[in-house]
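Q: Provided herewith is a single structure, encoded as structure tokens, for subsequent inquiry.
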Amino acid sequence: VWIRTMSGFLLATTGFCGMGLEVILLFVFQGIYGYIYSMVGLIVACFMLGLVSGAVAGRYLAAGGHISFYVSLLSMEVMLVVCALAVPGIAIFASMVSGSDLIMRLLEVVIYALVGVIGCIVGAEFPLINKLYSQTGMVLRSSAATTDAVDHMGAAVGAITVGVVLV
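This is the structure we're talking about:
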């Protein structure tokens, strides 16, 4: 029960951070470039592409041994923190180089890439948490439903919280 609860909490906080950071990056993009509506689809697509590639990578990580499994989870959480710490740097850098067209376009690509990396981290945790649930005796379909629900709850709370705080 402890492993299931903590695994669910880990996935919920990852969903919270993933969606919260995506919303923050949408606001950063809006602040830097002055428009967002024409690019929301591309930004969301980058996140979804990251989710898919992360899920594939997570399957390979889940096949690893017991030690590498936990190291993978820990390293993903550290990468999520690094991504969160990069967001203010992007905003500050953009305010310092606002005149250069080439640098602003490269910064736009960096934002897309960061959104994709965040999606990849979130997506990679699903197979790992599902493996953890299956090791505790949970049936695969129940484990998949639980991880999906927990991630959606965390993501919803993250989007609402960040949206309310920033708007």
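Residue numbers (my numbering): 43 to 209.
In this text, a Cβ means the ideal position worked out from N, Cα and C, and glycines have one as well.
Report the residue from ASP190, VAL204, LEU174, ILE202 whose alpha carbon sits nearest the alpha carbon of TRP44.
A: Here the closest residue by C-alpha is LEU174.
Q: Consult DSSP for ALA128 and reduce its assignment to one of helix, strand or coil.
A: helix
Q: So, is TYR154 buried or exposed, given that buried needs 16 or more other C-beta atoms within 10 angstroms?
A: buried
Q: My guess is that GLY60 and VAL164 are in contact by the Cβ rule of under 8 Å, so how many angstroms apart are they, rounded?
A: 4 Å
Q: Taking LEU93 as the reference, give the member of MET48, VAL159, LEU53, GLY200 with the closest Cα.
A: Considering only alpha carbons, the answer is VAL159.
Q: So the candidates are GLU119, LEU149, VAL129; which of them puts its Cα closest to the Cα of SER49?
A: GLU119
Q: Cα separation between VAL151 and LEU84?
A: The straight-line gap from Cα to Cα measures roughly 11 Å.
Q: Could you tell me how far apart the beta carbons of ILE66 and GLN72 are, in whole angstroms, since I believe they sit closer than 8 Å?
A: Under the criterion of beta carbons closer than 8 Å, ILE66 and GLN72 do not qualify as touching, at roughly 11 Å.
Q: Taking ASN172 as the reference, which of GLY100, SER110, VAL206, SER80 has the closest Cα?
A: GLY100
Q: Keeping to the same chain, check which residues put their C-beta closer than 7 Å to that of GLY96; ignore five residues upstream and five downstream.
A: GLY161, CYS162, ILE163, VAL164, GLY165, ALA166
Q: Helix, strand or coil: how does DSSP classify GLY141 here?
A: coil
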